[in-house]
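A quick write-up on the structure given underneath.
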Amino acid sequence: MGRAGKLAGGGRRRKLPGLILMSDAVRLPDPLAAATSLAPGAAVILRHHEAPNRPTLARRLSAQCRAKRILLLVADDVGLAAAVRADGMHLPEHDISAARGIRRRRPAWLITAAVHSATALKRAERAGVDAALLSPVFATPSHPGVSPLGALRFARLVQSSRIPVFALGGIGPRNVRRLYGTGAAGIAGISGLTSLKTRPRPVR
16 MGRAGKLAGG
26 GRRRKLPGLI
36 LMSDAVRLPD
46 PLAAATSLAP
56 GAAVILRHHE
66 APNRPTLARR
76 LSAQCRAKRI
86 LLLVADDVGL
96 AAAVRADGMH
106 LPEHDISAAR
116 GIRRRRPAWL
126 ITAAVHSATA
136 LKRAERAGVD
146 AALLSPVFAT
156 PSHPGVSPLG
166 ALRFARLVQS
176 SRIPVFALGG
186 IGPRNVRRLY
196 GTGAAGIAGI
206 SGLTSLKTRP
216 RPVR
């Protein structure tokens, strides 16, 4: 998986992690413990949107990530990301257009966005995000009742994209090999990634 993605966000080339761990208040309530299994150069996206202790958790996670040389992105909260000196932001699909304004204020930040379709992926390209997290690639409890993309359709969307695309949804040690050769910039997930102690070999 490439560490430096295609040009995005006004033409600047930013280094990308190969592995992104996403916090989840139900499925991964303690991202601090989970982050200890990550290798340097990985990333954590802090969600925990409704958690009353989110600011405290963000501060502690920021310190831990800096110590381990792991990137920290805060989901959907510019103020909190700035307050804890995060490395960037992760935007939900419905708020992709906010990337333009964030980029003007924080040009050094890494900005990613969640996408679930070809249409949303094009919107992410136009908004100038650095990378998109496309899901669900495989069946996952996070998207019950939703038909997964599958490795072949995921690969087609990646190849048509002008920005790096991460695979998200139902990824674990048993199926990560199905992503080899798809062109994915890396993989992202919640519980399935905690058993991947090191970054998988390149999928390109």
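Each residue of the sequence shown is one higher than the one before, counting from 16 in the numbering used here.
All residues carry an ideal CB built from backbone N, CA and C; glycine is no exception.
From a predicted model like this one, the values you see are computed outputs, not experimental measurements.
Query                                                                                                                                               : Result
Alpha carbon to alpha carbon, how far is Arg62 from Ala170? Give it in angstroms, no decimals.                                                      : 27 Å
By the three-class DSSP mapping on this structure, what secondary structure does Gly103 have?                                                       : strand
Give me whichever residues DSSP pairs with Lys204 in a beta bridge.                                                                                 : The question names Lys, but residue 204 in the sequence shown is Gly. For Gly204, which the question treats as bridged, DSSP gives the partners Leu36.
Rounded to the nearest angstrom, what separates Asp145 and Gly196 at their Cα positions?                                                            : 21 Å
To which residues of the same chain is Ser38 closer than 6 Å at the C-beta, ignoring the five residues directly before and after it?                : Pro46, Leu61, Arg62 and His63
So, do the stretch 86 to 97 and the stretch 151 to 162 have three or more beta carbon pairs nearer to each other than 8 Å?                          : no
Classify Thr155 as helix, strand or coil using the three-state DSSP reduction.                                                                      : coil
Hey, quick one: how far does the alpha helix (DSSP H) through Ala133 stretch, first residue to last?                                                : Ala133 to Ala142
Counting only the same chain and skipping the five closest in sequence on each side, list residues whose C-beta sits under 7 Å from that of Ser112. : Ala142
Mind checking which residues open and close the beta strand (DSSP E) that includes Ala128?                                                          : Leu125 to Val130
Since Ile178 and Ala114 are thought to touch, with beta carbons under 8 Å apart, how far apart are those beta carbons, to the nearest angstrom?     : So it is not a contact: roughly 11 Å between Cβ atoms.
DSSP state of Ile85, grouped into three classes?                                                                                                    : coil
Should Ala123 and Leu148 be called a contact, given that it needs their Cβ atoms to be closer than 8 Å?                                             : no
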